[in-house]
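A.B. asks:
2 protein chains.
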Amino acid sequence: MTITEPTTVSTALDRARAALRATLLEDRVLIDLGSPGLYGRTGVFEHVYAAVDTAAVRSMADLQSSVLRFPPVEPLAAFERTDYIASFPDLAASISAFTGDDRAHRALLAARERGERWESFLEPADLMLAPAVCHPVYGLVTGTIPQQGLWFDIVGDSFRREPSLDPMRLQAFHMHEFVHIGTPDSAKEHRDGRIPAMRSLLEGFGLEIDVVPANDPFFGRVGKILARNQVEASLKYEFVTPVYGDAGEATAISSANLHEDHFGTSFSITTADGETAHSACLAFGLERITIALFAAHGTDPASWPADVRRALAL
Amino acid sequence: MTITEPTTVSTALDRARAALRATLLEDRVLIDLGSPGLYGRTGVFEHVYAAVDTAAVRSMADLQSSVLRFPPVEPLAAFERTDYIASFPDLAASISAFTGDDRAHRALLAARERGERWESFLEPADLMLAPAVCHPVYGLVTGTIPQQGLWFDIVGDSFRREPSLDPMRLQAFHMHEFVHIGTPDSAKEHRDGRIPAMRSLLEGFGLEIDVVPANDPFFGRVGKILARNQVEASLKYEFVTPVYGDAGEATAISSANLHEDHFGTSFSITTADGETAHSACLAFGLERITIALFAAHGTDPASWPADVRRALAL
Chain F
4 MTITEPTTVS TALDRARAAL RATLLEDRVL IDLGSPGLYG RTGVFEHVYA AVDTAAVRSM
64 ADLQSSVLRF PPVEPLAAFE RTDYIASFPD LAASISAFTG DDRAHRALLA ARERGERWES
124 FLEPADLMLA PAVCHPVYGL VTGTIPQQGL WFDIVGDSFR REPSLDPMRL QAFHMHEFVH
184 IGTPDSAKEH RDGRIPAMRS LLEGFGLEID VVPANDPFFG RVGKILARNQ VEASLKYEFV
244 TPVYGDAGEA TAISSANLHE DHFGTSFSIT TADGETAHSA CLAFGLERIT IALFAAHGTD
304 PASWPADVRR ALAL
Chain G
4 MTITEPTTVS TALDRARAAL RATLLEDRVL IDLGSPGLYG RTGVFEHVYA AVDTAAVRSM
64 ADLQSSVLRF PPVEPLAAFE RTDYIASFPD LAASISAFTG DDRAHRALLA ARERGERWES
124 FLEPADLMLA PAVCHPVYGL VTGTIPQQGL WFDIVGDSFR REPSLDPMRL QAFHMHEFVH
184 IGTPDSAKEH RDGRIPAMRS LLEGFGLEID VVPANDPFFG RVGKILARNQ VEASLKYEFV
244 TPVYGDAGEA TAISSANLHE DHFGTSFSIT TADGETAHSA CLAFGLERIT IALFAAHGTD
304 PASWPADVRR ALAL
């Protein structure tokens with residue numbers, strides 16, 4: 004099991020992460036499932052999580068987005084069209100299943116009995132865990148979109164294979180995303196026009212927020228160049244909050260992303276004018292916002308400041 | 004890709020399933036994702052789904068269960084303790100991830116470029132998709148439970164690898180489960196005492212309901228014996244509704260299950276008297292109930308009978 008944090012050298016950041024994790028576990032906000040970055044969540048977590056989600060949806064209500072929900076797995080064919088494996092192989096996760104008969108099953112169980120691994124008895128199932136909740140939407144929008152563009156309200160499971168003891172970095176989490184597909188201008192307007200409202204929503208939760216240019220965690224040497232290009236082109240802004248104070252960099256809890264023609268090209272989506280469609284996505288990291296709230300205000304929401312409770316309708 | 008339905012011989016049941024699937028897709032209740040048993044869900048689906056879930060929770064409110072939520076994946080170690088791979092290998096799904104360096108990544112991409120499968124570049128990640136939402140709870144309850152027992156309210160993702168064109172049989176779905184861990188008597192009371200209320204809740208939705216002894220789909224030849232034993236011991240009751248009329252058997256949309264000491268033994272849970280704990284689980288199949296409602300009343304909830312709308316607070 005690879006753990007991204009060092010376990011022998013303890014930095015101030017390591018200690019701050021360990022302290023938050025210990026508090027969340029001791030106060031029964033999260034429950035350790037025995038694998039880094041996977042937690043059970045209790046009633047108090049769910050209560051705040053639902054309040055965060057409701058407030059996020061309310062802040063985007065005027066968009067009148069079409070609601071779409073997707074399962075936590077996606078067909079391999081759809082995954083392939085996003086080229087995710089080229090950019091983020093280390094975060095991807097594929098699914099295998101058993102397709103054998105009684106005899107193959109007995110062989111699997113015999114190997115298991117001997118203490119051997121039995122995954123080699125399974126076959127790839129042509130399914131991947133969904134790494135980004137907005138990916139499936141582009142495959143559904145083919146051909147020419149209406150003049151005014153399209154808006155989608157999508158919430159779903161994301162899985163990224165990065166086991167970590169940082170409670171702000173889960174392997175399985177949820178994003179609530181508001182996606183627009185339209186022209187270069189309307190995509191940029193969707194991304195930029197909403198940044199002040201998202202910032203003030205998160206600040207209303209009593210969180211200290213900065214909006215910073217950011218990059219996705221592209222893999223490897225080529226990835227370093229892609230990441231630099233992304234920052235230079237100002238494609239991604241993150242809403243960050245100093246969960247660990249001075250011990251480390253502020254952590255992203257939401258983002259505003261311009262994809263330019265990336266998905267329009269990959270999925271052959273065109274505007275009414277016959278140009279390649281552009282897209283943009285506003286994303287709320289639901290678990291990260293929730294945990295940032297517990298980190299900022301403590302594990303008992305009844306004792307949170309009155310204006311924070313009001314902003315969350317708690 | 005294995006599809007459980009024959010594609011050449013068309014029975015009355017096949018035709019009924021295909022007709023319901025076509026209606027749900029044409030009326031934009033579900034969206035085809037290109038893999039049997041995986042669908043996108045639109046606003047109208049989510050509206051009914053949330054109403055079903057809220058009504059189910061309300062019907063169990065007096066239990067004052069502890070809320071627990073789990074991610075769609077579970078650690079292999081936890082999965083192993085349930086012995087699921089021995090009984091249901093064909094439904095299980097394991098997760099693999101890429102752990103290589105830049106060079107291995109280039110080899111993966113080269114294989115992909117040649118049109119070859121690239122899953123062999125991934126390694127087992129010690130994670131499984133969760134096949135049953137109540138499984139993780141037993142690992143969290145260790146040692147001796149309180150005299151009065153424990154109650155849990157769990158909702159989560161289930162994944163079962165059974166690709167099907169029957170819209171009532173999804174690969175990824177959600178169950179809302181109410182679990183009790185206690186004595187043999189209290190477990191049986193939790194299971195049996197709630198059956199009339201569950202039946203009347205589902206009948207209040209305007210569904211024709213029968214409660215029948217049932218079995219889990221144990222794998223292989225030995226599985227046939229296990230299934231028969233389960234029925235004979237009356238361990239599982241299913242709430243079934245005739246989604247396809249006379250064309251096929253009624254479909255289960257909820258269940259009431261007695262595990263006896265199965266999980267108490269596997270997870271070393273004991274009662275205050277020092278005996279092995281028993282457990283029972285009441286499970287609402289949220290997507291199945293929702294789709295049964297669309298099948299029974301049509302795809303426009305505004306036109307559903309007034310008493311059904313009232314029961315669902317629509």
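Chains as they are written, first to last, in our numbering: chain F, 4 to 317; chain G, 4 to 317. Just so you know, even glycine gets a beta-carbon here, dropped at the ideal spot from N, CA and C.
1. Which two residues bound the contiguous beta strand (DSSP E) that contains alanine 230/F?
2. Residues of chain C with CB closer than 8 Å to the CB of isoleucine 184/F, please, in chain order.
3. Between the region 93-111 of chain G and the region 184-196 of chain G, can you find at least three pairs of beta-carbon atoms closer than 8 Å?
4. Do arginine 194/G and phenylalanine 242/G have their C-beta atoms closer together than 8 Å?
5. Using a threshold of 8 Å, state whether the C-beta atoms of aspartate 219/F and alanine 253/F are closer than that.
6. Please return the same chain residues whose Cβ sits closer than 6 Å to the Cβ of proline 9/F, not counting the five positions on each side in sequence.
7. Nearest CA to the CA of alanine 236/F: which residue from Ala217/F, Lys227/F and Gly226/F?
8. Could you check the C-alpha separation between alanine 89/F and leucine 168/G for me, to the nearest Å?
9. Once DSSP output is grouped into helix, strand and coil, what is the label at leucine 238/F?
10. What whole-angstrom Cβ distance do arginine 163/F and proline 134/F have, given they're in contact under 8 Å?
11. If the criterion is Cβ atoms closer than 8 Å, does the pair valine 51/F and leucine 204/F meet it?
12. So, at 7 Å on beta carbons, what are the nonlocal neighbours of phenylalanine 82/G in its own chain, with the 5 sequence-adjacent residues on each side left out?
13. Less than 8 Å between the C-beta atoms of leucine 289/F and alanine 54/F, yes or no?
14. Run through chain G and tell me which residues come within less than 7 Å of histidine 108/F, C-beta to C-beta.
15. State whether the region 31-38 of chain F contacts the region 15-27 of chain G, with contact taken as three or more CB pairs (one from each stretch) at a distance under 8 Å.
16. I'd like the list of long-range same chain contacts for glutamate 180/F, defined as Cβ closer than 6 Å, with 5 residues on each side in sequence excluded.
17. By the criterion of Cβ-Cβ separation under 9 Å, what are the contact partners of aspartate 30/G in chain F?
18. Which residues in the same chain as glutamine 150/G place their Cβ atom closer than 7 Å to its Cβ, once the five residues preceding and following it in sequence are excluded?
19. Output, in sequence order along the chain, the residues in the region 80-105 of chain G whose CB is closer than 9 Å to any CB in chain F.
20. Can you grab the Cα-Cα spacing for the pair aspartate 30/G / alanine 230/G, in whole Å?
21. Which value, in whole angstroms, describes the spacing of the CA atoms of valine 215/F and histidine 265/G?
22. Have a look at phenylalanine 208/F and threonine 273/G and give me their C-alpha separation to the nearest angstrom.
23. Identify the continuous alpha helix (DSSP H) that holds valine 51/G and give its terminal residues.
24. Distance, Cα to Cα, phenylalanine 270/F vs threonine 186/F?
25. Confirm, please, whether the CB-CB distance from isoleucine 292/F to serine 257/F is below 8 Å.
26. Where does serine 161/G sit, in a helix, a strand or coil, going by DSSP?
27. Residues of chain G with CB under 8 Å from isoleucine 34/F, in chain order?
28. Please state the DSSP three-state secondary structure of leucine 132/G.
29. For arginine 231/G, return the contacting residues in chain F, with the cut-off set at a CB-CB distance below 8 Å.
30. Taking the CB atoms as reference points, tell me whether glutamate 122/G and proline 127/F lie closer together than 8 Å.
31. Under 8 Å, Cβ to Cβ, is there at least one residue of chain G near aspartate 160/F?
32. Any beta-carbon of chain G closer than 8 Å to the one on threonine 254/F?
33. Counting only C-beta atoms, is glutamate 49/G closer than 8 Å to chain F at any point?
C.D. replies: With the given structure in hand:
1. It is not in any beta strand (DSSP E) - alanine 230/F instead sits in the alpha helix (DSSP H) that spans 223-235.
2. Of the chains in the structure shown, none is chain C; the protein chains are F and G.
3. no
4. no
5. no
6. Interpretation of proline 9/F is limited by its pLDDT of 49, a score under 50 that renders its predicted location unreliable; no figure is taken from the coordinates.
7. Ala217/F
8. 32 Å
9. coil
10. 6 Å
11. no
12. Met131
13. no
14. Pro92, Phe222 and Gly223
15. no
16. Val136, Cys137, Ile157, Cys284 and Ala286
17. What aspartate 30/G touches in chain F: nothing, since even the nearest Cβ is about 15 Å away.
18. Ala275
19. Ala80, Ala81, Glu83, Ile88, Ala89, Pro92, Asp93, Leu94, Ala95, Ala96, Ser97, Ile98, Ser99, Ala100, Phe101, Thr102, Gly103, Asp104 and Asp105
20. 38 Å
21. 53 Å
22. 43 Å
23. 46-62
24. 15 Å
25. yes
26. strand
27. Leu71 and Leu143
28. strand
29. Within 8 Å Cβ-Cβ: nothing; arginine 231/G doesn't reach chain F, min ~17 Å.
30. yes
31. yes
32. no
33. yes
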